[in-house]
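Chemist:
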Amino acid sequence: MTSKAAPPSADAPLRRPALRLAEAVHDKLRDDIFAFRLLPGDRFAENDVAERLQVSRTPVREALMRLQSEGLVRGYFRNGWEVVPIDFSRFAALYDLREMIELHAVRRICTAAAGPARAALLEQADAVWRVTPAERLSDGLAVAALDERFHLALVTAAGNPETDAVYRQVTDHIRIMRRLDFAYGDCIGDTYDEHIAILDAIAAGDAVRAGALAERHIQDSHAVVQQITIDRLEQVRTEMAQHPSPAPARRKRFG
């Protein structure tokens, strides 16, 4: 029985050195978006964020510009910011791109020429995924981070830095959906088992089997996270409707 990640903690003022403040604000807002404390379509102002996190507007603006580059928020001239609405067709296209890149990488790793890279990949990945049931992590978001590193390592091992750079961008864009499977789903055990199966096929140099396993792994994940996203949004909106939080009339709702 796998356990689910604990709910994120409540807001707290950010106490960080000046040089790291923008990064701290970025991470806090990104977590709010991932946890649906900020919903797709929510509008807010920089002042709201600065007051809530007890920081100046400068690190808030820097953080929001970075989030905008990651496709999580968008700014409007003199009219605040908005959490980007979830576009399922866009996510489908990104998952399709992810699949193409990973399948190419897996098949390339299985070739004789990729022997040294394959050996290094297997050594590193086996240490994480080939563990006893008692040694498997149960924290969903911790496993999500390991899962992301596993797939990044597959693409990196293929040895094309340009493809690797594109894949990292795709990873950034789909992270908001991908981690929902680990935070609210029940996929930890399957993730360990499926990664081991992919590693077995790669170790055997079986490009056809490795590609088929990776393809099913990605497609199943996409189907699950899309449904979880829909269900989670509906749940959060229902809870908000049942327990609305009063807000000052001069502000749009934030968080």
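1 is the number of the first residue of the sequence shown in UniProt numbering; add one for each residue after it. We put the CB at the ideal spot given by N, CA and C, even for glycine.
At a cut of 8 Å, does the region 149-163 reach the region 105-118 through at least three beta carbon pairs?
Modeler: Touching, yes.
Chemist: For I174, which residues of its own chain have a beta-carbon under 8 Å away from its beta-carbon, when the five flanking residues on both sides are left out?
Modeler: Indexing the sequence shown from 1 puts residue 174 at position 174. Answer for I174: F91, L94, Y95, R98, listed in chain order.
Chemist: Quick one: what's got a C-beta closer than 7 Å to S56's C-beta in the same chain, skipping five residues either side?
Modeler: Working through the sequence shown from its first residue, we reach residue 56 at position 56. Closer than 7 Å at the Cβ level, and outside the excluded window around S56, lie A50.
Chemist: Could you check whether the region 186-196 touches the region 126-145, counting it as contact only if at least three pairs of C-beta atoms, one from each stretch, sit closer than 8 Å?
Modeler: Yes, since at least three Cβ pairs between the region 186-196 and the region 126-145 fall closer than 8 Å, the two stretches touch.
Chemist: CB of R61 to nearest heavy atom of the ligand SAM: below 7 Å?
Modeler: The ligand SAM is absent from the structure shown, which contains no ligand whatsoever.
Chemist: Where DSSP assigns a beta bridge to F44, which residues make up the other side?
Modeler: Taking the sequence shown and counting its residues from 1, the one referred to as residue 44 is at position 44. Note: F44 sits in a beta bridge opposite W81.
Chemist: So, under 8 Å CB-CB, A207 and C110 are touching, yes? Tell me the CB distance rounded to an integer number of Å.
Modeler: The residue given as residue 207 occupies position 207 in the sequence shown. The residue given as residue 110 occupies position 110 in the sequence shown. Their Cβ separation, rounded to whole angstroms, is 4 Å, which keeps A207 and C110 in contact under 8 Å.
Chemist: With a threshold of 16 other CB atoms inside 10 Å of the CB of D87, please say whether the residue is buried or exposed.
Modeler: Taking the first residue of the sequence shown as 1, we reach residue 87 at position 87. That one is exposed.
Chemist: Determine the direct distance from the alpha carbon of L199 to that of D126, and round the result to whole angstroms.
Modeler: Mapped onto the sequence shown, residue 126 falls at position 126. Mapped onto the sequence shown, residue 199 falls at position 199. Between D126 and L199, the C-alpha separation is close to 8 Å.
Chemist: Rank V73, L64, L67, M65 by C-alpha distance to the C-alpha of D42 and give the top, closest one.
Modeler: Position 42 of the sequence shown, counted from the start, is the residue given in the question as residue 42. When each option's Cα is compared against that of D42, the closest is V73.
Chemist: By the 10 Å Cβ neighbour count, where 16 or more other Cβ atoms means buried, how is T238 classified, buried or exposed?
Modeler: On the sequence shown, position 238 is the one that residue 238 refers to. It is exposed - the Cβ of T238 has fewer than 16 other Cβ atoms within 10 Å.
Chemist: Taking W129 as the reference, which of A197, R178, V60 has the closest Cα?
Modeler: Locating residue 129 in the sequence shown gives position 129, where the first residue counts as 1. For W129, the nearest C-alpha among the options comes from A197.
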